[in-house]
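Visitor:
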Amino acid sequence: MLKKIRKSKGFLFILPSLIGFSILYIIPFILGLRYSVSRSGFDNTFVAFKNYNDVFKSNAFNLALKNTALFMGIAIPLIIIISFILALIIYEINAPKFIKLFIILPMAIPSGTVAGFFRKVFGTGGFNLINTEYAMIVVVLIFIWRNTGYNLIIYLAGLSQLRKEIIEASMIDGANYFQRLWHIIIPLITPTTVFVGIVTIINSFKVFKDIFILQGNYPNPKIYMLQHYMNNKFRDLQYEKLTSAAYVFAAVIFVFAFLLFYFDRKHARKVGES
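The numbers in the sequence shown follow our numbering, run straight up by one, and end at 278.
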């Protein structure tokens, strides 16, 4: 009886969050399906998958999808590697707190300030990369500069949980640093890397805010993202195209998250067997 009361108390504590999450996310997500299979936001005539077909035939959507995939393919692995290397260096040398603070600081700077700085450096008054075919480099730099600190914190927490006796035993067995890194540290830190990967995927979608401040609704075609496409459809009141693109976007996120969890489970089983 006491266990049931404790469980119900715990549920009551999280109930407000569940209600808020349902109202703001789950219910709109489900109701949005109606728009994606309707003729328009103002005409509920059922058109099945016509809107999805139109979206995939759209040059703007395909450009946005290609740019988003390119950005994620470059920025996500790059920031994970950089964050891990920095965290490893800080962990190994037991770096002073001010160094950690310096790396984390960009997280606290407003997007407008960040975009303004990068516009001055890489805009027409600077290197002028934003208006060229190399504009994606600027976006990747902004993303890495802003989000490395957050990933660094997670990696430092993961490294601090490593069992030192395993590393010390490998040192006694004669393993050099790179052998310990490859065969012990990286495998043991894999669950942390999976979590960092998921967080990085989520944060990668927020880069739209910086691009929007840099160049508005219709930026350089090289940095036209899926969020631009959806935002412009919202402005044009084309809710059927907006929701169709949003569900495609959600499917992409789900696939990435599923693959990360799959590899994490596979790795956990492998470690457990060994």
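Where is the CB? At the ideal position from N, CA and C, for every residue including glycine.
Keep in mind it's a predicted model, so treat the numbers as computed, not measured.
1. Taking the CB atoms as reference points, tell me whether residue 252 and residue 147 lie closer together than 8 Å.
2. Look at the alpha carbon of residue 137 and the alpha carbon of residue 226, and state the distance between them as a whole number of angstroms.
3. Name the residue from 90, 169, 189 and 217 whose alpha carbon lies nearest to the alpha carbon of residue 103.
4. Look at residue 215 and residue 229 and say whether their C-beta atoms are less than 8 Å apart.
5. In terms of alpha-carbon separation, which member of 34, 80, 48 and 52 lies closest to residue 206?
6. Return the CA-CA distance between residue 160 and residue 18, expressed in angstroms with no decimal places.
7. Going along the chain, which residues of its own chain have a beta-carbon closer than 7 Å to the beta-carbon of residue 139, five neighbours each way excluded?
8. Would you mind sorting residue 183 into buried or exposed? The rule is 16 or more other CB atoms within 10 Å of its CB.
9. Apply the 10 Å Cβ neighbour rule to residue 168 and answer buried if 16 or more other Cβ atoms are within range, or exposed otherwise.
10. Determine the closest residue to residue 255 out of 158, 69 and 217, with distance taken between C-alpha atoms.
11. Give the C-beta separation of residue 198 and residue 87 to the nearest angstrom, bearing in mind that I take them to be a contact with Cβ-Cβ under 8 Å.
12. Within 7 Å: the Cβ of residue 193 and any heavy atom of the ligand FMN?
13. Are three or more beta carbon pairs between the region 96-114 and the region 188-195 nearer than 8 Å?
14. Where are the beta strand (DSSP E) runs, 3 residues long or more, that stay fully inside the region 16-86, in chain order?
15. Do residue 249 and residue 53 have their CB atoms nearer than 8 Å?
16. Is residue 94 near residue 155, with beta carbons less than 8 Å apart?
17. Return the CA-CA distance between residue 123 and residue 73, expressed in angstroms with no decimal places.
18. Residue 190: which of 165, 40 and 100 sits nearest, CA to CA?
19. Once you ignore the five residues that flank residue 125 on each side, which residues in its own chain have a CB closer than 7 Å to its CB?
Guide: Reading from the atomic positions:
1. Position 248 of the sequence shown, counting from 1, holds the residue named residue 252. Position 143 of the sequence shown, counting from 1, holds the residue named residue 147. Not a contact, by the Cβ cut-off of 8 Å.
2. Position 133 of the sequence shown, counted from the start, is the residue given in the question as residue 137. Position 222 of the sequence shown, counted from the start, is the residue given in the question as residue 226. The alpha-carbon atoms of residue 137 and residue 226 are separated by roughly 6 Å.
3. For the purposes of this step, residue 103 is taken as residue 99 along the sequence shown, with counting starting at 1. Ranking 90, 169, 189 and 217 by Cα distance to residue 103 puts 90 first.
4. For this step, residue 215 is matched to residue 211 along the sequence shown. For this step, residue 229 is matched to residue 225 along the sequence shown. Yes, these two residues count as a Cβ contact at 8 Å.
5. In the sequence shown, counting from the first residue as 1, residue 206 sits at position 202. That would be 80, whose Cα lies nearest to the Cα of residue 206.
6. Position 156 of the sequence shown, counted from the start, is the residue given in the question as residue 160. Position 14 of the sequence shown, counted from the start, is the residue given in the question as residue 18. Each residue's Cα considered, the two are about 29 Å apart.
7. Taking the first residue of the sequence shown as 1, we reach residue 139 at position 135. So the qualifying residues of the chain are 133, 224, 226 and 227.
8. In the sequence shown, counting from the first residue as 1, residue 183 sits at position 179. Exposed: under 16 other Cβ atoms inside 10 Å.
9. Your numbering for residue 168 matches position 164 in the sequence shown. So residue 168 counts as exposed.
10. Taking the sequence shown and counting its residues from 1, one reaches residue 255 at position 251. With distances taken between Cα atoms, residue 255 lies closest to 69.
11. What you label residue 198 is simply residue 194 of the sequence shown in a count that begins at 1. What you label residue 87 is simply residue 83 of the sequence shown in a count that begins at 1. No, residue 198 and residue 87 are not in contact; Cβ-Cβ is about 14 Å, not under 8 Å.
12. Only the bare structure without any ligand can be found here, which leaves the ligand FMN out of the picture.
13. no
14. 42-44 and 47-50
15. On the sequence shown, residue 249 is found 245 positions in, with the first residue counted as 1. On the sequence shown, residue 53 is found 49 positions in, with the first residue counted as 1. No, these two residues do not count as a Cβ contact at 8 Å.
16. Numbered from its first residue, the sequence shown carries residue 94 at position 90. Numbered from its first residue, the sequence shown carries residue 155 at position 151. No, they are not a contact pair.
17. Taking the first residue of the sequence shown as 1, we reach residue 123 at position 119. Taking the first residue of the sequence shown as 1, we reach residue 73 at position 69. Spanning the two alpha carbons is a distance of roughly 23 Å.
18. Numbered from its first residue, the sequence shown carries residue 190 at position 186. When each option's Cα is compared against that of residue 190, the closest is 165.
19. Reading the sequence shown from its first residue, position 121 is the one you call residue 125. If we look at residue 125 and ignore the five residues flanking it on each side, its Cβ neighbours are 131.
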